[in-house]
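Asks: If you scroll down you'll find the structure; I have some questions about it.
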Amino acid sequence: MEGTLTRFNSIGIQVRDMKIIDGWVVGYVADELIPPSPRAAHIEPRAAFRALIQRRELATAVPPFYLPMASDNGFFRKTRSEILADFTALTRGDDDMAIYFLRRFGLWCEDDVYQKDASGQNRLPTSLLPWWLRAEREGKTPFATQLDYFWLCYDVAKLLNDLRHALLRSDVPTLKKLCLALGNLFFSEKGRSLYKEAPDPEKEAHFLLAMGTGRFLGSARVAPIEENGQIFPVISTAFSREAVFAELMQVIVAGTPLRYCLRKQCNNIFAPAPGKKYCSEICQIRNKRARQLGKTAEETNRSETSLRGGNANAKRSNRKN
Ligand SMILES: [Zn+2]
């Protein structure tokens, strides 16, 4: 079985009209844009989509069924691999950037379209309920993403990425620090950490990489999907959270965790090939020139290029819309 499940295909579910209420991004799923299925002409696509939500079957049904229909501009959009770099380049706590991300890559996770959680309890704060119920009465499909949770996932993605990098360097002090931070996030109860430091930081790092990445790949599905006449086993996801962690799994497996560009003035995040330290040849040339003109390494280079240490609070210079 080695190496068989190496294909990923992620789709995003388009959302619109977002705003923030009490720490939640709320908006509507743009389900009026679902294209009719050429294979099932008798199905009314919007009603079918809502039935999936009512039966809590969105994650089960959407990735394998709609993947072959996904386009780059429709309701189900193919997600590009830059999603991980774009996600980790957000500024933590900048909620407008969270909205920008959701507009670009789609619904965050399955729970966001359900009013109740899996145990039947109300998932939303009471202050949100009137907005939610009005949206339903108006025939819209509401969603609500909790911002605290969104930024928690952001922290986890960066920690896991940097953990892989520390493993590649056998950097034991950093491994210990990152394992502790991840352990405290995953194993705590009522704000109290239950995590105990492990004696072997490398083994512990492998365990946390598997557990942490797997947890947020929660609703990923596997299906045999045809590409150019051949059928492959494909991991498919329907939410931007899963797409982020599917990409993260790829860079973890490939041993190419994301880094900041070595050039101090550049805030690009990229997946470097071995030995590559700059996001582009342009940055490499610029730094080389600056050094020829007498600038020191401290003036031109970042001292630390990991996602957490590199430039966590920098505004992204090449923000796209
Ligand atoms: Zn650069």
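Using the numbering used here, the first residue of the sequence shown is number 20, and each one after it goes up by one. Each residue gets a CB set at the ideal place from its N, CA and C atoms; glycine is no exception.
Confirm, please, whether the CB-CB distance from Pro-220 to Cys-198 is below 8 Å.
Replies: Their beta carbons are under 8 Å apart, which means Cys-198 touches Pro-220 by this criterion.
Asks: Is the closest heavy atom of ligand 1 to the C-beta of Ser-322 under 7 Å?
Replies: Not under cutoff, so the answer is no.
Asks: According to DSSP, is Asn-340 part of a helix, a strand, or is it coil?
Replies: Unreliable placement is indicated for Asn-340, whose pLDDT of 38 sits below 50; the coordinate value is still reported in the next sentence. Of the three classes helix, strand and coil, the one that applies to Asn-340 here is coil, per DSSP.
Asks: Return yes when at least one heavy atom of ligand 1 lies under 7 Å from the C-beta of Ser-299, else no.
Replies: Ser-299: yes, Cβ under 7 Å from ligand 1.
Asks: Helix, strand or coil: how does DSSP classify Asp-41 here?
Replies: In the structure shown, Asp-41 sits in coil (DSSP, three-state: anything other than H, G, I, E or B).
Asks: Once you ignore the five residues that flank Pro-243 on each side, which residues in its own chain have a CB closer than 8 Å to its CB?
Replies: The answer, listed in chain order, is Ile-250, Phe-251, Pro-252 and Val-253.
Asks: Closer than 7 Å by C-beta to Arg-96: which residues in its own chain qualify, once you throw out the five before and the five after it? Chain order, please.
Replies: Once the five neighbours on either side are set aside, the close Cβ partners of Arg-96 are Ile-30, Gly-31, Gln-33, Ala-89, Ser-90 and Gly-125.
Asks: Candidates Lys-283, Arg-310 and Gln-303: which alpha carbon is nearest Gly-328's?
Replies: Nearest C-alpha to Gly-328: Lys-283.
Asks: Quick one: what does DSSP say Asn-28 is sitting in, helix, strand or coil?
Replies: Strand at Asn-28.
Asks: Let's see if you can read the secondary structure: which residues bound the beta strand (DSSP E) around Glu-246?
Replies: First-last of the beta strand (DSSP E) with Glu-246: 240-246.
Asks: Which first and last residues belong to the beta strand (DSSP E) in which Gln-249 is found?
Replies: Taken as a continuous stretch (DSSP letters only), the beta strand (DSSP E) holding Gln-249 covers 249-256.
Asks: Is Arg-278 near ligand 1, in the sense that its beta carbon is under 7 Å from a heavy atom of that ligand?
Replies: No, the Cβ of Arg-278 stays beyond 7 Å of every heavy atom of ligand 1.
Asks: Heavy atom of ligand 1 less than 7 Å from the Cβ of Arg-308, yes or no?
Replies: No, since every heavy atom of ligand 1 falls outside the 7 Å radius drawn around the Cβ of Arg-308.
Asks: Let me confirm a value: Asn-203 is counted as buried when at least 16 other C-beta atoms fall within 10 Å, else exposed. Which label applies?
Replies: Exposed is the call here.
Asks: With a cut-off of 8 Å, do at least 3 Cβ pairs link the region 114-130 to the region 271-290?
Replies: Cβ pair count under 8 Å is below three, so no.
Asks: Nearest chain D C-beta to Arg-211 closer than 8 Å, yes or no?
Replies: Structure shown: chain D not included; a single protein chain is present.
Asks: Using DSSP with H/G/I as helix, E/B as strand and the rest coil, what is Thr-160?
Replies: Three-state DSSP puts Thr-160 in coil, outside helix and strand.
Asks: Which term fits Val-48, buried or exposed, when burial requires 16 or more other beta carbons within 10 angstroms of its beta carbon?
Replies: Buried, since its Cβ has 16 or more Cβ neighbours within 10 Å.
Asks: Leaving out the 5 sequence neighbours to the left and right, which residues in its chain are closer than 7 Å to Ala-104 when beta-carbon positions are compared?
Replies: Once the five neighbours on either side are set aside, the close Cβ partners of Ala-104 are Leu-277, Ile-288 and Phe-289.
Asks: Starting from Lys-195, follow the beta strand (DSSP E) in both directions and report where the run begins and ends.
Replies: No beta strand (DSSP E) holds Lys-195; the alpha helix (DSSP H) holding it covers 191-205.
Asks: Cβ-heavy atom distance between Arg-183 and ligand 1 below 7 Å?
Replies: No, ligand 1 has no heavy atom inside 7 Å of this Cβ.
Asks: Decide if Asn-28 is buried, meaning its Cβ has at least 16 other Cβ atoms within 10 Å, or exposed.
Replies: With 16 or more other Cβ atoms within 10 Å, it is buried.
Asks: Would you kindly check if the distance between the Cβ of Arg-305 and the Cβ of Tyr-9 is under 8 Å?
Replies: Absent from the structure is residue 9, since the part of the chain shown begins at 20 and ends at 340.
Asks: Assuming Leu-52 and Gly-93 form a contact by the criterion Cβ under 8 Å, report the distance between their Cβ atoms to the nearest whole angstrom.
Replies: Contact holds; Cβ gap of about 6 Å.
Asks: I'd like to confirm something about Cys-198: is its beta-carbon nearer than 7 Å to some heavy atom of ligand 1, or not?
Replies: Result no, Cβ not under 7 Å from ligand 1.
Asks: Keeping to the same chain, check which residues put their C-beta closer than 7 Å to that of Trp-170; ignore five residues upstream and five downstream.
Replies: Within the same chain, Trp-170 has close Cβ partners Arg-111 and Gly-112.
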